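Enquirer: Line by line, the protein sequences give chains W and D. Start counting the first sequence at 1; every next residue gets the next number (this note's numbering). Start counting the second sequence at 1001; every next residue gets the next number (this note's numbering). All residues carry an ideal CB built from backbone N, CA and C; glycine is no exception. Computed from a predicted structure; not experimentally measured. Please find one structure pasted underneath; my questions will follow.
Number of protein chains: 2
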Amino acid sequence: MKIDASRLQTSMEEMARIGATAGGGVHRLTLSDSDKDARDLFASWVKSAGLSLSVDEMGNMFARREGSDDLATPVMVGSHFDSVPNGGRFDGSLGVLAALEIVRTLNDREIATHRPIEIVNWTNEEGPRFPPSMLGSGVFAGAFERDFAYEVRDTDGMRFVDELERIGYRGKLPCQPRPLAGYLELHVEQGPALFTSGIQIGIVEGIRGLTWLRITMKGARDHAGPTPMHMRKDALVGAARAISAIRDIPGNLGSDLVTTVGEISVSPNAINVIPELVTFSVDFRHRDENILTRAHQAVVEVSGNAAKQEGLEIEVTPLGGSTPMAFDSGVIGAIEETCLDKGYSHRRLWSAAGHDARYAADLCPTAMIFAPSVNGKSHAEDELTLWEDVTRSCEILGGALVSLANQP
Amino acid sequence: MKIDASRLQTSMEEMARIGATAGGGVHRLTLSDSDKDARDLFASWVKSAGLSLSVDEMGNMFARREGSDDLATPVMVGSHFDSVPNGGRFDGSLGVLAALEIVRTLNDREIATHRPIEIVNWTNEEGPRFPPSMLGSGVFAGAFERDFAYEVRDTDGMRFVDELERIGYRGKLPCQPRPLAGYLELHVEQGPALFTSGIQIGIVEGIRGLTWLRITMKGARDHAGPTPMHMRKDALVGAARAISAIRDIPGNLGSDLVTTVGEISVSPNAINVIPELVTFSVDFRHRDENILTRAHQAVVEVSGNAAKQEGLEIEVTPLGGSTPMAFDSGVIGAIEETCLDKGYSHRRLWSAAGHDARYAADLCPTAMIFAPSVNGKSHAEDELTLWEDVTRSCEILGGALVSLANQP
């Protein structure tokens, strides 16, 4: 499918102005004012494109283009507009806006598809504000209860459901599994594999499993001067020893495993006070569930040892995650065929980032397309995908989508 | 000197209501609204006691009681009302309010002293909001330029001088060295030495030197999933390795050395993003300047190694500090004599906490008195000194103060 590259670029640039940061990224946390603005802009474009819009009780937005058989089970395509703090302009937005561009193209050329097409903007793909991530698609797929999601609070104590209500996107449509003929998602790779090998299109075979933990260590608050070293229970020292050890776990368990401590908070956090309480996150990912289990055990063990060495209490709280998921070979084949048609170089790979497609795959045949990320950068203001790669990946998405939508 | 224990206790309790925390401590950061409230309350008590109050351009408050020879060089006594975040009720307040109680007692009994007595409340003894600590006494003693202090900013970017102006305590009196016949300060020990040995009074021989550093490590921000471990530059991992190693420096350099990392900030601080930038503080103290120098070198070395291992840029910024200071043997003798008179058990010790007396000692004969801290706890909401120890230590302060104030 040939698409209008400049119209897609214009949409991407207009969307990137919402929550734009000085460093060239976007800061568009879930259910913030800028998330609302992004939704409103998308809704206006959906209306201009003549699509019908519905919003479910999780705030997931569905823009539907009729099929020539409008009673046929629809195919779904999309991604998300929320971002991590000071994140990139392509992460998520590309997947929704490429889908919109494909539908605009079908409209312009008056091309009908057998099945209806639904473009989706999922709520809370990222999750830093309201962990766990992928709450919108997770509830849609039945992986989480709606009321579990509603009660999640951000670090200021705001509830998910209250913020959803506040920005006006608490819809009436029940958020629950329903029949879908297929699901496709285009996303930037967010890693270096495609960029460093110079390959144009990534065909995603599956999503690695992900576990999130929160670890709290509690020691004793004391003055940094008169308390002898041997009488201290320094929660930050315990956390530091744990963080170092968690960094070293992949070296022991296998090279594909990644572990990250991204978030830490220290109390009282004053230069001359021994830290009493430290909380930090742990994120680890692998395609093999056995390795994930062993990594989990290793994180608990090294953290427990670090806490013990410093005389600290420790608590490990699971924050959710997802099991590894292999995508559908038929959908993977449809993407591959489109790449061959177009003559674009491509390779198969597993995603280490979580995506809403993970949950869609519980409901219907699913796969994903990756566009190259310059230097593999993502979740950063300098995240970049070249416009020619944006165009190419949108064309592949369009070809595969029409192919799915015309399946009998 | 016999003092009115219940009047002193009432003053202490009234002061502790300003900035009181739910956990029984006080949160009274320098130049905050509660610092202003504490100053206003003190000023009203100074007025009731018939003292004249002057405020200098650093906000230091001086309450003067006339001497029988009012042209004689005055003696000074006092401490501070500011606190660390969620600190204790006795730290600082005891020293100012015990001095006030002594002057009230002298007034009640119509006892004149040869020299004038000035009670001081120093600005910014603690320093977590406006580092370095002891800015008020430091400028008074000529250790810092006034304009250096004025330009210090808190983490919200507020300037010291603007906050001083805002709370109405930017006085006209120049803040500069002037002749003093002696300086005394009563403070809680903030460590376990007196409490664990059951000794009633500590006579402080000197103050350990203190160095504060701020270390910044810069890596690369990336998505926690797709970035392979070997391609990461994780600033939090570098900081964690440094913090562990800094904890271990005293074991190598001598048992009296203490090192603390109390404060850390991480950017972007999100669960699924590899940390790009980490800043943390280092506080280390010893009575021997050579050991301080070697500790400084060790901190720089282990932090540099940690940064190198993770491929990070590193910057080490000195945040000030103070050299070790031995107190005056004459003033120490006067305190000791008062203890013997009263029959209170006592011992000499070095302070590991910094105090304004450190700077006063640059100007005149100085020493300090310590009251026992229950369990050695300080800079914490459960900081506690028993009322009988408050009374005893105030009596010793009174005896030594009158002795100094009557010196020819």
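Enumerate in chain order the residues of its own chain whose CB-to-CB distance from T1338 of chain D is below 6 Å, with the five nearest sequence positions on each side excluded.
Expert: Taking the second sequence and counting its residues from 1, the one referred to as residue 1338 of chain D is at position 338. The residues are I1396, G1399, A1400.
Enquirer: Just the Cα atoms here: how many angstroms apart are T1385 of chain D and V1188 of chain D?
Expert: Counting from 1 along the second sequence, the entry for residue 1385 of chain D is found at position 385. Counting from 1 along the second sequence, the entry for residue 1188 of chain D is found at position 188. Their backbone Cα atoms lie some 7 Å apart in a straight line.
Enquirer: Please check if any C-beta of chain D sits within less than 7 Å of the C-beta of S244 of chain W.
Expert: Taking the first residue of the first sequence as 1, we reach residue 244 of chain W at position 244. Chain D, which has a Cβ nearer than 7 Å to the Cβ of S244 of chain W, makes this yes.
Enquirer: Can you find at least 3 beta carbon pairs, one from the region 1033-1045 of chain D and one from the region 1015-1023 of chain D, that sit closer than 8 Å?
Expert: Cβ pair count under 8 Å is three or more, so yes.
Enquirer: Using a Cβ-Cβ cutoff of less than 6 Å, which residues in the same chain neighbour A270 of chain W once the five nearest sequence positions on both sides are dropped?
Expert: For the purposes of this step, residue 270 of chain W is identified with residue 270 of the first sequence, where counting begins at 1. Result list for A270 of chain W: empty, nothing under 6 Å.
Enquirer: State the start and end residues of the unbroken alpha helix (DSSP H) segment that holds W1387 of chain D.
Expert: In the second sequence, counting from the first residue as 1, residue 1387 of chain D sits at position 387. Its alpha helix (DSSP H) spans residues 1387-1405.
Enquirer: Quick one: complete beta strand (DSSP E) runs, 3+ long, within the region 1085-1136 of chain D?
Expert: DSSP runs (the beta strand (DSSP E)) wholly in the region 1085-1136 of chain D: 1117-1121.
Enquirer: Determine, using beta carbons only, whether T1260 of chain D comes closer than 7 Å to chain W.
Expert: As a first step, residue 1260 of chain D is located in the second sequence; it is residue number 260 there, counting from the start. True, the Cβ-Cβ gap to chain W drops below 7 Å.
Enquirer: Mind checking if N124 of chain W is an interface residue toward chain D, Cβ cutoff 7 Å exclusive?
Expert: Sequence index remark: in the first sequence, residue 124 of chain W carries index 124 (1-based). False, the Cβ-Cβ gap to chain D never drops below 7 Å.
Enquirer: Within a Cβ cutoff of 6 Å, which residues of the same chain sit near P362 of chain W, ignoring the five residues on either side of it in sequence?
Expert: Position 362 of the first sequence, counted from the start, is the residue given in the question as residue 362 of chain W. Residue 362 of chain W is actually Asp in this sequence, not Pro. For D362 of chain W, where only same-chain residues beyond five positions count, the Cβ hits under 6 Å are A141.
Enquirer: Could you tell me whether any Cβ in chain W is nearer than 7 Å to the Cβ of G1225 of chain D?
Expert: The residue you call residue 1225 of chain D lines up with position 225 of the second sequence. Yes - at least one Cβ of chain W is within 7 Å of the one on G1225 of chain D.
Enquirer: Quick one: is L257 of chain W buried, meaning 16 or more other Cβ sit within 10 Å of its Cβ, or exposed?
Expert: Along the first sequence, read from residue 1 onward, the residue named residue 257 of chain W stands at position 257. So L257 of chain W counts as buried.
Enquirer: Do F90 of chain W and V204 of chain W have their beta-carbon atoms positioned less than 7 Å apart in this structure?
Expert: Numbered from its first residue, the first sequence carries residue 204 of chain W at position 204. Numbered from its first residue, the first sequence carries residue 90 of chain W at position 90. No. Outside cutoff.
Enquirer: Using a cut-off of 7 Å between C-beta atoms, extract the partners of I274 of chain W located in chain D.
Expert: Along the first sequence, read from residue 1 onward, the residue named residue 274 of chain W stands at position 274. Within chain D, the residues near I274 of chain W are T1260, G1262.
Enquirer: For L29 of chain W versus R129 of chain W, is the C-beta distance shorter than 7 Å?
Expert: In the first sequence, residue 29 of chain W corresponds to position 29, counting from 1. In the first sequence, residue 129 of chain W corresponds to position 129, counting from 1. In this structure, R129 of chain W lies closer than 7 Å to L29 of chain W by Cβ.
Enquirer: Between K1233 of chain D and the rest of its own chain, which residues show a CB-CB distance below 7 Å, the 5 nearest in sequence each way excluded?
Expert: Sequence index remark: in the second sequence, residue 1233 of chain D carries index 233 (1-based). Excluding sequence neighbours, K1233 of chain D sits near G1219, A1220, E1310, G1311, L1312.
Enquirer: Taking a Cβ distance cut-off of 9 Å, strictly less, list which residues of the region 1161-1194 of chain D are near chain W, in chain order.
Expert: Listed by position along the chain: E1189, Q1190, G1191, P1192, A1193.
Enquirer: How about V374 of chain W: is its C-beta nearer than 7 Å to some C-beta of chain D?
Expert: Residue 374 of chain W sits at position 374 when you count from the first residue of the first sequence. Closer than 7 Å: no.
Enquirer: Got a sec: is the Cβ-Cβ distance from V84 of chain W to anything in chain D below 7 Å?
Expert: Taking the first residue of the first sequence as 1, we reach residue 84 of chain W at position 84. With 7 Å as the cut-off, V84 of chain W counts as an interface residue toward chain D.
Enquirer: Is any beta-carbon of chain W found at less than 7 Å from that of H1379 of chain D?
Expert: In the second sequence, residue 1379 of chain D corresponds to position 379, counting from 1. Yes, contact with chain W.
Enquirer: Kindly provide the ranges of any alpha helix (DSSP H) runs that are 4 or more residues long and lie completely inside the region 24-54 of chain W, ordered along the chain.
Expert: List check, alpha helix (DSSP H) in window: 33-48.
Enquirer: Can you tell me where the alpha helix (DSSP H) with R294 of chain W in it begins and where it stops?
Expert: As a working note, residue 294 of chain W is residue 294 in the first sequence. From DSSP, the alpha helix (DSSP H) with R294 of chain W extends over 289-309.
Enquirer: Looking at I243 of chain W and A1181 of chain D, is the spacing between their C-beta atoms short of 7 Å?
Expert: The count along the second sequence starts at 1 and reaches residue 1181 of chain D at position 181. The count along the first sequence starts at 1 and reaches residue 243 of chain W at position 243. No, Cβ-Cβ distance for A1181 of chain D and I243 of chain W is not below 7 Å.
Enquirer: For the region 1138-1160 of chain D, which residues have a beta carbon sitting closer than 9 Å to at least one beta carbon of chain W?
Expert: Listed by position along the chain: nothing, the set is empty.
Enquirer: Anything in the region 1089-1101 of chain D with a Cβ closer than 9 Å to a Cβ of chain W? List those residues in chain order, please.
Expert: Residues D1091.
Enquirer: Are G376 of chain W and F195 of chain W touching if we call contact CB-CB under 7 Å?
Expert: Counting from 1 along the first sequence, the entry for residue 376 of chain W is found at position 376. Counting from 1 along the first sequence, the entry for residue 195 of chain W is found at position 195. Yes; because the gap between Cβ atoms is below 7 Å, this pair is in contact.
Enquirer: Applying the 10 Å Cβ sphere with the 16-neighbour rule, what's the burial state of I1314 of chain D?
Expert: Residue mapping note: residue 1314 of chain D aligns to position 314 of the second sequence, counting from 1. Buried: at least 16 other Cβ atoms inside 10 Å.
Enquirer: Buried or exposed: T211 of chain W, going by 16 or more other Cβ atoms within 10 Å of its Cβ?
Expert: Indexing the first sequence from 1 puts residue 211 of chain W at position 211. Result: buried.
Enquirer: So which residues on chain W does F1307 of chain D lean against when the C-beta distance must stay under 8 Å?
Expert: Locating residue 1307 of chain D in the second sequence gives position 307, counting from the first residue. According to the sequence as given, residue 1307 of chain D is Ala; it is not Phe. Result: empty, since nearest Cβ-Cβ is about 13 Å, beyond 8 Å.
Enquirer: Around the C-beta of L184 of chain W, are 16 or more other C-beta atoms found within 10 angstroms, so that it is buried, or is it exposed?
Expert: The residue labelled residue 184 of chain W in the question sits at position 184 within the first sequence. It is buried - the Cβ of L184 of chain W has at least 16 other Cβ atoms within 10 Å.
Enquirer: Give me the chain W residues within the contact set of S1345 of chain D, using Cβ-Cβ distance strictly less than 9 Å, ordered along the chain.
Expert: If you number the second sequence from 1, residue 1345 of chain D lands on position 345. Here the premise fails: no neighbours, minimum Cβ distance about 19 Å.
Enquirer: Beta-carbon of M1229 of chain D versus every beta-carbon of chain W: anything under 7 Å?
Expert: Working through the second sequence from its first residue, we reach residue 1229 of chain D at position 229. M1229 of chain D counts as touching chain W.
Enquirer: Can you pull the chain W residues whose beta carbon is under 8 Å from the beta carbon of L1236 of chain D, in chain order?
Expert: Taking the first residue of the second sequence as position 1, residue 1236 of chain D is located at position 236. Chain W residues near L1236 of chain D: I243, V261, G262, I264.
Enquirer: Within the chosen definition, does the region 168-176 of chain W reach the region 47-64 of chain W through at least 3 CB pairs nearer than 8 Å?
Expert: Segments in contact, yes.
Enquirer: Should T1155 of chain D be labelled buried (16 or more other beta-carbon atoms within 10 Å of its own) or exposed?
Expert: Locating residue 1155 of chain D in the second sequence gives position 155, counting from the first residue. So T1155 of chain D counts as exposed.
Enquirer: Are the CB atoms of A1224 of chain D and G157 of chain W nearer to each other than 7 Å?
Expert: Numbered from its first residue, the second sequence carries residue 1224 of chain D at position 224. Numbered from its first residue, the first sequence carries residue 157 of chain W at position 157. No. Outside cutoff.
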